[in-house]
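In what follows, a single structure is set out as structure tokens and then discussed.
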Amino acid sequence: MEAKAIAKYIRMSSTKVKIVLDLVRGKNVNEAFAILQYTPKDAAVVVNKLLKSAVANAENNLSLDVNKLYISEAYACQGSTLKRFQPHAQGRAFPIKKRTSHITLVVKERA
430 MEAKAIAKYI RMSSTKVKIV LDLVRGKNVN EAFAILQYTP KDAAVVVNKL LKSAVANAEN
490 NLSLDVNKLY ISEAYACQGS TLKRFQPHAQ GRAFPIKKRT SHITLVVKER A
């Protein structure tokens, strides 16, 4: 049995989110919460909220034991890109790409 939580269109590049996901992948849920609490990255806040959602899904929908849960899968994919333009001298415009990401967390119960 596995519980899943997905966050879509997060206004952060997927490469920045992947750094935080690498810290918690394969860890127990309680250990992952402790790691995320003291990680000084903006992505840690989003991943922490997503992990709480995945644990709640496991507990309420699938009746899994919270103390035995661990993060089996954690990945971030690139979402759509917001295209903006920055005005520059002599009528030029430079493009700015504001990237988004889709984050997925899967928690399973350890046997």
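The numbering of the sequence shown is the working numbering, which starts it at 430 and goes up by one.
We put the CB at the ideal spot given by N, CA and C, even for glycine.
Note that this is a predicted model, so its numbers are computed, not measured.
Asked	Found
Three CB pairs or more closer than 8 Å across the stretch 529-536 and the stretch 501-508	yes
N- and C-terminal bounds of the beta strand (DSSP E) containing Q515	498-516
Cβ neighbours of K526 in the same chain (closer than 7 Å, five flanking residues each side left out)	T510, K512
Distance between A472 and S530 (C-alpha atoms, nearest Å)	11 Å
Own chain, CB closer than 6 Å to N457, minus 5 neighbours either side, in chain order	Y499
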